[in-house]
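Colleague: Residue numbers (my numbering): 407 to 805.
Virtual Cβ for every residue (Gly too), placed ideally from N, Cα, C.
1. One question on the structure: do residue 431 and residue 600 come within less than 8 Å of each other, judged by their Cβ atoms?
2. Is it buried or exposed for residue 579, if we count other Cβ within 10 angstroms and need 16 for buried?
3. For the alpha helix (DSSP H) containing residue 540, name the first residue and the last one.
4. Is the number of C-beta pairs between the region 708-719 and the region 758-770 that are closer than 8 Å three or more?
5. Examine the Cβ distances between the region 563-574 and the region 536-553 and report whether three or more of them are shorter than 8 Å.
6. Alpha carbon to alpha carbon, what distance is there between residue 671 and residue 435?
7. Residues in the same chain with beta-carbon distance under 7 Å from residue 685, minus the five sequence neighbours each way, listed in chain order, please.
8. Find the nearest neighbour of residue 418 within the set 688, 765 and 720, judged by alpha-carbon distance.
9. How about residue 395 and residue 477: do their beta carbons lie closer than 8 Å?
10. Taking Cβ to Cβ, would you say residue 651 is nearer than 8 Å to residue 664?
11. Going by other Cβ atoms of all chains shown within 10 Å of its Cβ, with 16 needed for buried, is residue 738 buried or exposed?
12. Hey, out of 484, 796 and 740, whose CA is closest to residue 499's CA?
13. Less than 7 Å separating the Cβ of residue 770 from some heavy atom of the ligand SAM?
14. Would you identify the three-state DSSP class for residue 771, choosing helix, strand or coil?
15. Work out the CA separation of residue 692 and residue 806 for me, nearest whole Å.
16. At what residues does the alpha helix (DSSP H) containing residue 801 begin and finish?
17. Suppose you measure from the CA of residue 485 to the CA of residue 754; what does that come to, to the nearest Å?
18. Throw me the rounded Cβ distance for the residue 473 and residue 608 pair, which I believe falls under 8 Å.
19. Is it the case that the region 537-545 contacts the region 626-646, given that we only count it when at least three CB pairs across the two stretches are under 8 Å?
20. Could you work out which residue in 602, 655 and 674 is closest to residue 569 when comparing CA atoms only?
21. Measuring CB to CB, does residue 729 end up less than 8 Å from residue 503?
22. Could you please give the first and the last residue of the uninterrupted alpha helix (DSSP H) stretch that includes residue 748?
23. What does a CB cutoff of less than 6 Å around residue 668 pick up in its chain, not counting 5 residues either side in sequence?
24. Helix, strand or coil for residue 351 per DSSP?
25. Assign residue 484 to one of three DSSP states: helix, strand, or coil.
26. Would you mind working out which of 518, 513, 421 and 614 sits nearest residue 379, comparing C-alpha positions?
27. What is the DSSP secondary structure of residue 710, reduced to helix, strand or coil?
28. By DSSP, does residue 510 sit in helix, in strand, or in coil?
29. To the nearest angstrom, report how far apart residue 447 and residue 720 are at their CA atoms.
30. As a quick exercise: from 618, 421 and 791, pick the residue whose alpha carbon is nearest that of residue 467.
31. Going by C-alpha distance, which of 749, 764 and 775 is nearest residue 488?
32. Taking the alpha-carbon of residue 394 as reference, which of 482, 778, 613 and 577 has the nearest alpha-carbon?
33. Measuring only the C-alpha atoms, how far is residue 781 from residue 453?
34. Please report the distance separating the alpha-carbon of residue 501 from that of residue 492.
35. Report, in whole angstroms, the separation of the C-beta atoms of residue 756 and residue 784, which I expect to be a contact under 8 Å.
36. Among 421, 461, 705 and 481, whose alpha-carbon lies nearest the alpha-carbon of residue 766?
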């Protein structure tokens, strides 16, 4: 049973990480060259895996049902709790609103095609929110089972895409040097957000239990699966197209059209669309599960049916409302996603571990690297926020 939970938790981490944003990686890294893009991806994976392990160092001294709300209050006090709660709610509501709006539009299109009925665009968003809310309300075990099925299909679709495109990979494309060094700064926020899964860590701790050895395996393997897939995706995308062609692609639709044309296969577009749908579904499940458990802890909701329904309403109604009535609001909020994720996944774990190591007798698990590791992680966070701010100010072009 425990082994089953461990595998399921690894897939929840991987499924939450590999969202539809993975498809933007070739566009984000266009002009960097394969080697530079690979180094950035490896460095980001190492950073995010390190801070995930820091979260485990914190959880070992808390109740297994503790979320970021409880941890921040215990270690940093009320002010730290407010910062943690604002970052969590801001980022996850924006993400859920984006998933509901984007996934709802795709669902509405499919329902219209299947039924030949004129279905209102809002109906898809409402239906998707109800489906995901029901699954999450049923519990982590239900999310785990469904996520396994979706993740397996997602890997099969990705394998099919690799099979179709691999013959068109050209070694000289992978040896291209960066077009412009400044593009590294532009790519940082996108690559960083492609490794975000930290909001679901408390849900996994609650599901698996406070077995640090098992949880370490979950975090390392769960984060490594996206790393392997991202590297393979970069090999394909940057090997099939020259950097100049990638830079000239007009966003994701242009990129998909280009690789479909190169492979002489309309199936490529179908595979990419199906992968995007599955990636959105698994990521939405992981994000909303983390937000659900966060609210259950913050509002002290018990594990009864009626109270879980109330928690689900708190979790899903606001992002559904934003997606339906104020779509420009969450789109604007997503522009700050990298900043909120830096606070959530880097600054808060680093600050809390620093404080805990000063005040608590450390006789349990401690992440390697000591205080120097914490300082380096914090500086990486500052660099990512700086890159995001430079983009927002127009100093460097957004991707």
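Modeller: According to the structure data:
1. In this structure, residue 431 sits near residue 600, with a CB-CB distance shorter than 8 Å.
2. Its Cβ being crowded by 16 or more others within 10 Å, residue 579 is buried.
3. Residue 540 -> alpha helix (DSSP H) spans 527-544.
4. For the pair of segments examined, the region 708-719 was found not to touch the region 758-770: the number of CB pairs separated by less than 8 Å stays below three.
5. The answer is no - the region 536-553 does not touch the region 563-574, with fewer than three Cβ pairs under 8 Å.
6. Cα-Cα distance, rounded: 24 Å.
7. Counting only Cβ-Cβ distances below 7 Å, and skipping sequence neighbours, we find 424, 425, 426, 428 and 560.
8. Here the closest residue by C-alpha is 688.
9. Because the chain here runs from 407 to 805, residue 395 falls outside it and cannot be looked at.
10. Yes, they are a contact pair.
11. Exposed is the call here.
12. Checking every option, the nearest Cα to that of residue 499 belongs to 740.
13. Judged by which ligands are present, the structure shown has none, so any question about the ligand SAM falls away.
14. Correct three-state label for residue 771: coil.
15. Residue 806 lies beyond the range of the chain shown here (407 to 805); nothing can be said about it.
16. No alpha helix (DSSP H) holds residue 801; DSSP gives it neither H nor E.
17. Straight-line Cα distance between these residues: approximately 12 Å.
18. With 8 Å as the limit, residue 473 and residue 608 qualify as a contact, their Cβ atoms being about 4 Å apart.
19. No, they do not touch.
20. Across the set 602, 655 and 674, the C-alpha of 674 shows the shortest separation from the C-alpha of residue 569.
21. Contact: yes.
22. Where residue 748 is concerned, the enclosing alpha helix (DSSP H) stretches over 743-748.
23. Annotation for residue 668: 574 and 646 place their beta carbon closer than 6 Å to its own, counting only its chain and skipping 5 residues before and after.
24. Residue 351 lies beyond the residue range present for the chain, which begins at 407 and ends at 805; the question has no answer from this structure.
25. Of the three classes helix, strand and coil, the one that applies to residue 484 here is helix, per DSSP.
26. The question about residue 379 has no answer here: the residues shown for the chain are numbered 407 through 805.
27. Secondary structure at residue 710: coil, using DSSP grouped into helix, strand and coil.
28. The three-state secondary structure of residue 510, taken from DSSP, is helix.
29. Their Cα atoms are separated by approximately 35 Å.
30. Ranking the options by Cα distance to residue 467, first place goes to 618.
31. Of 749, 764 and 775, the residue nearest in Cα terms is 749.
32. No answer is possible for residue 394: the residues shown for the chain start at 407 and end at 805.
33. Approximately 12 Å, taken between the alpha carbons.
34. Looking at the backbone, the Cα of residue 501 and that of residue 492 are separated by about 14 Å.
35. In this structure residue 756 is in contact with residue 784, their Cβ atoms being roughly 5 Å apart against a cut-off of 8 Å.
36. The residue with the shortest Cα to Cα distance from residue 766 is 481.
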